[in-house]
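In what follows, a single structure is set out as structure tokens and then discussed.
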Amino acid sequence: MTAIQDINATSSSNSNQKQEIRERKNQDNHQHHQGSIDSSNNDLNPIIDKFPEIKPNVSSNKKEHPIQKTPSTFIRKFADTTNNFLKEINILDIPDTNEITEHTVTCRRVAILIEKSPAFRCHGKKMAKGLRDFGEIILIASRTLQNMHNKGSSIYKSFDEELESMMHRLDSNYIRQVDDDTQYFKDRLFVLRKKIKDYRQLVELAQNSVSRAEAVRHDTKSYIYGGLKEAEKYICDRNSAHSDGVDIAKKEFVMVDNILHHLHDTAVNLEKMNNFLKTYEDRLLDVSAGLDVIEYDKVTNEDLQYLKQTVENSKNYHYQFNKKQIPI
1 MTAIQDINAT
11 SSSNSNQKQE
21 IRERKNQDNH
31 QHHQGSIDSS
41 NNDLNPIIDK
51 FPEIKPNVSS
61 NKKEHPIQKT
71 PSTFIRKFAD
81 TTNNFLKEIN
91 ILDIPDTNEI
101 TEHTVTCRRV
111 AILIEKSPAF
121 RCHGKKMAKG
131 LRDFGEIILI
141 ASRTLQNMHN
151 KGSSIYKSFD
161 EELESMMHRL
171 DSNYIRQVDD
181 DTQYFKDRLF
191 VLRKKIKDYR
201 QLVELAQNSV
211 SRAEAVRHDT
221 KSYIYGGLKE
231 AEKYICDRNS
241 AHSDGVDIAK
251 KEFVMVDNIL
261 HHLHDTAVNL
271 EKMNNFLKTY
281 EDRLLDVSAG
291 LDVIEYDKVT
301 NEDLQYLKQT
311 VENSKNYHYQ
321 FNKKQIPI
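Residue numbers (full-length UniProt numbering): 1 to 328.
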């Protein structure tokens, strides 16, 4: 081997040794770094176990949206407002038309009975006229109540239709734009407010007519009690043979007195209904005003289920309302 070859061999050997040393150092550094990471992770494990939310998510880049367990503000406010309104209206005791018409028949029957009895000779004509006039006022009230009941059924139907329309709009398969949604729901609420306002006008007419009948309550009662005193005095002083007729008249007067109380209760409930309608109108307006800040891309299944329950409640109240109007 020449000197030059020895030098080259020695240089190559030294180069290989240096390369091996560098590789060993890199391997040692990597192991040391990995050991530091593992040690660091081991130190953090107790903290991560206690606060798992700080653990970094390195397994997936997919963004997860939180599951909404409660309905959105608009759906909840509208549904709760509507459910409360329907419940309040449904518990009111508003007599059906046939019941009020029977009151008119009772007044006319008592008027005829009084006119035929000698025991009511002095005040009989005045009593009979008062009862007939009272019966006519009740008849007018029954007609306005009939109009109110007819319109009431259509109002419940409107609730069913509008709520189902909203359900369809919120369906996830329906392609829509946020701005279109806002205007759509505002239109639906406007339709409901308009129908409620029209119905409230009929309620006010019925309330006024019943109040007129209720206003003559004191005059009618004074006729009755005055006539009864006269009849009892007539029997004691003159002829007890007419006592049976007076007893019958007393029973009829009890029915008239019940009519007076019934009209009073009806007037009170109609006033409550009118107030409920006004309040619901105002609340629908508030709900409509809040639509501009609603994000419809966040509508969830909870919204649909919440509104679906409102639809079912509306149909149930509609059934109960119609059932009340069917005489037994």
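Even for Gly, the Cβ is constructed at its ideal location relative to N, Cα and C. Keep in mind that this is a model prediction, so the values were computed, not measured.
Rounded distance between the beta-carbons of residue j and residue i, thought under 8 Å
i, j, result
"Gly124", "Gly226", "That pair is no contact at about 11 Å."
"Glu162", "Val191", "6 Å"
"Gln81", "Tyr280", "Gln is not the amino acid found at residue 81; the sequence shown has Thr there. Contact holds; Cβ gap of about 7 Å."
"Lys197", "Leu260", "That belief does not hold up - the Cβ atoms of Lys197 and Leu260 are roughly 32 Å apart, past 8 Å."
"Phe276", "Phe120", "Contact flag wrong, Cβ pair sits at about 44 Å."
Member of the options whose CA lies at the smallest distance from the CA of residue i
i, options, result
"Ile224", "Leu92, Asp80, Asn90, Leu131", "Leu131"
"Ala79", "Asp160, Ala249, Lys278, His149", "Asp160"
"Thr310", "Thr73, Glu281, Asp133, Asn83", "Asn83"
"Met166", "Asp303, Ile155, Ile259, Lys195", "Asp303"
"Lys278", "Cys122, Lys77, Arg193, Arg188", "Arg193"
"Leu270", "His149, Phe120, Ile114, His103", "His149"
"Glu252", "Thr106, Asp96, Ile75", "Thr106"
"Ile75", "Lys308, Asn316, Glu312, Lys116", "Lys308"
"Tyr317", "Asn258, Lys157, Glu214", "Lys157"
"Asn147", "Tyr199, Asp219, Ser211, Glu232", "Tyr199"
"Asp286", "Lys151, Pro118, Phe185", "Phe185"
"Asn258", "Lys77, Glu88, Glu102", "Glu102"
"Ile94", "Val203, Lys77, Val216", "Val203"
"Asp133", "Met255, Lys315, Val216, Glu232", "Val216"
"Ser211", "Glu88, Lys233, Ser142", "Ser142"
"Arg108", "Lys151, Gln183, Val256, Lys87", "Val256"
"Lys77", "Glu232, Leu189, Lys315, Gln201", "Leu189"
Where residue i falls: helix, strand or coil (DSSP)
i, result
"Pro95", "coil"
"Ser117", "coil"
"Lys123", "A small correction: the amino acid at residue 123 is His; Lys does not occupy that position in the sequence shown. In this structure, His123 counts as coil in the three-state DSSP scheme."
"Val216", "coil"
"residue 342", "Past the edges of the chain, shown from 1 to 328, lies residue 342, and the structure says nothing about it."
"Ser314", "helix"
"Ser72", "coil"
"Ile224", "helix"
Closer than 8 Å to chain B by CB, residue i
i, result
"Phe120", "Protein chains in the displayed structure number just one, and chain B is not present."
Residues near residue i by beta carbon distance below 7 Å, same chain, minus five either side
i, result
"Ile67", "At Ile67 the pLDDT is 36, less than 50, meaning the model places this residue with poor confidence and gives no usable figure here."
"Gln207", "Ala267, Leu270, Glu271, Asn274"
"Leu92", "Asn269, Lys272, Met273"
"Glu214", "Leu263, His264, Ala267"
Same chain, Cβ closer than 8 Å to residue i, neighbours up to 5 away in sequence not counted
i, result
"Lys250", "Leu228"
"Ile248", "Leu113"
"Ser153", "His318, Phe321, Asn322, Gln325"
"Ile155", "Lys195, Ile196, Tyr199"
"Asp115", "What sits at residue 115 in the sequence shown is Glu, not Asp. Here the set comprises Gly124, Lys125, Ala128."
Own chain residues within Cβ distance below 6 Å of residue i, not counting five before or after
i, result
"Thr144", "Leu205, Ala206, Ser209"
"Glu230", "Cys122, His123"
"Arg283", "Thr81"
"Pro46", "For Pro46, the predicted model reports a pLDDT of 49, less than 50, meaning its position is unreliable; a value from the coordinates is still stated below. Excluding sequence neighbours, Pro46 sits near nothing in its chain."
Counting beta carbon pairs with one atom in the stretch 283-294 and one in the stretch 260-274, are three or more of them shorter than 8 Å? Too few Cβ pairs lie closer than 8 Å, so no.
Specify whether the stretch 161-171 and the stretch 132-143 touch according to this definition: at least 3 beta carbon pairs, one from each stretch, less than 8 Å apart. Flag = no, the stretch 161-171 and the stretch 132-143 do not touch.
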